[in-house]
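Notes follow the structure.
Numbering (my numbering), first residue to last: 63 to 453.
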């Protein structure tokens, strides 16, 4: 039976299964095909442009030489002390995060300025070096703001890009900036600052929406509309009363953001990798300069958790749900079946084939984009679920 099966396979793919067919009479388990000898594999390799057998794991001499020709590979990494070879360009492209985390540049520069000032105050850095660092960081921020800064993927992330640019600009003093600081507490500080800044931007937008809803309610004082249950007309209500329901919901949304801001407003700097540092730093100074309420009390907690991000995304998800409900309601109200509102041309789109239509696209997109916010929360909860404090 097994010989017959092997023979059938050999007829279908003679070169590939020749080795298995020969060994089938000697053993119940066919020997593993030698893929590197297979004409089928060679043919596939040629089709996709592979020059070396895919079974080769180590970098060949030619590949290593090609990597050496890449100038970005020659720059020493901050973590590269024990490494004898440069990472390949493919690995650099796969591991870079600069394409999205460059948005943290303001927070990263702000944190570095506070850290440098603290190091100088504590005698861990000369005042002249501090001044050069502060001036250099200000210049880098100016270049970024003006679109003149060259982000490099081989420098991996926003932190390495800024530090390497600072070193290029002022030389040796820049290398002292990482004294008593790990990437762990630096990243956490940047992220807390970013979330705090985002909350400070979001709350005024919610307040503006509340004002707009109240203004709309006042313009329609005394207007009675149907109140619905189960999508059936149930009781008459004032439009004002209906609109002010959203105002109340948005007020709670603001409260959640305010609470979230208060809980995340503690400074991780000084926690270093996870167990602090023996150097005489002043954690209260850096916390104060960055506007935090106080330093974080536990160094492991400071660098190992992202619950503040989950809370931030949770609050935003609830906001997104409220906006989606409002958007869906106005989409219904704009339909001919309801006919309660008529969107102006300035906030509507049309149809290329049905000219009679006026589509409430903005509110439809508010409804649709809410899924992305909720998806981000679920992604982070799922991503962070398996990580203990040890990781």
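The beta-carbon is built from N, C-alpha and C at its ideal position, and this holds for glycine as well. All values reported here derive from a predicted model rather than from experimental measurement.
Task: Straight-line Cα distance separating residue 438 from residue 327 - done: Counting from 1 along the chain shown, the entry for residue 327 is found at position 265. Counting from 1 along the chain shown, the entry for residue 438 is found at position 376. Approximately 22 Å between the Cα atoms of the pair.
TODO: On a CA-only basis, which of 446, 401 and 298 is nearest residue 288? Give me that one, please.
DONE: Within the chain shown, the letter at position 226 stands for residue 288. Nearest option by C-alpha distance: 298.
Open item on the list: Going by the DSSP bridge assignment, what does residue 291 pair with across the sheet?
Closed with: By one-based count along the chain shown, residue 291 stands at place 229. Residue 291 is bridged to 294.
Task: Residue(s) in a DSSP beta bridge with residue 57 - done: This structure cannot speak to residue 57, because the chain is shown only from 63 to 453.
Task: Same chain, Cβ closer than 7 Å to residue 196, five either side skipped, listed in chain order - done: As a working mapping, residue 196 is identified with position 134 in the chain shown. Contacts found: 175 and 178.
Task: Under 7 Å between C-beta atoms of residue 393 and residue 422 - done: As a first step, residue 393 is located in the chain shown; it is residue number 331 there, counting from the start. As a first step, residue 422 is located in the chain shown; it is residue number 360 there, counting from the start. In this structure, residue 393 lies near residue 422, with their beta-carbon atoms less than 7 Å apart.
TODO: Using a threshold of 7 Å, state whether the C-beta atoms of residue 251 and residue 338 are closer than that.
DONE: On the chain shown, position 189 is the one that residue 251 refers to. On the chain shown, position 276 is the one that residue 338 refers to. For residue 251 and residue 338, no; Cβs fall outside 7 Å.
Task: Neighbourhood of residue 192 by C-beta, 6 Å cutoff - its chain only, sequence neighbours within 5 removed - done: For this step, residue 192 is matched to residue 130 along the chain shown. Hits under 6 Å: 178 and 182.
Open item on the list: Whether or not the segment 380-391 and the segment 308-318 are in contact is what I'm after, with contact meaning three or more pairs of Cβ atoms, one per stretch, closer than 8 Å; do they touch?
Closed with: yes
- [ ] Given a cut-off of 7 Å, decide if residue 446 and residue 325 are closer than it, judged by their beta-carbon atoms.
- [x] Position 263 of the chain shown, counted from the start, is the residue given in the question as residue 325. Position 384 of the chain shown, counted from the start, is the residue given in the question as residue 446. No; because the gap between Cβ atoms is not below 7 Å, this pair is not in contact.
Task: Contacts around residue 342, its chain only, beta-carbon distance under 6 Å, and the 5 residues preceding and following it disregarded - done: Position 280 of the chain shown, counted from the first residue, corresponds to residue 342. Within the same chain, residue 342 has close Cβ partners 184.
TODO: Could you check if residue 180 is buried or exposed, using at least 16 other CB atoms within 10 Å of its CB as the buried criterion?
DONE: Here residue 180 corresponds to residue number 118 of the chain shown, with the count starting at 1. By the 10 Å Cβ count, residue 180 comes out buried.
Open item on the list: If the criterion is Cβ atoms closer than 7 Å, does the pair residue 220 and residue 255 meet it?
Closed with: Translated into positions along the chain shown, residue 220 becomes position 158. Translated into positions along the chain shown, residue 255 becomes position 193. It is not a contact, given that the beta carbons lie outside the stated cut-off.
TODO: Please determine, among 243, 399 and 278, the residue with the shortest C-alpha to C-alpha distance to residue 294.
DONE: By one-based count along the chain shown, residue 294 stands at place 232. Closest option to residue 294, Cα to Cα, is 399.
Task: residue 336 - DSSP class collapsed to helix/strand/coil - done: Start at 1 with the first residue of the chain shown, and residue 336 comes out as number 274. Note: residue 336 maps to coil in three-state DSSP.
Open item on the list: Excluding the 5 residues flanking residue 169 on each side, which residues of the same chain have their C-beta closer than 6 Å to its C-beta?
Closed with: Residue 169 sits at position 107 when you count from the first residue of the chain shown. Around residue 169: 252, 255 and 256.
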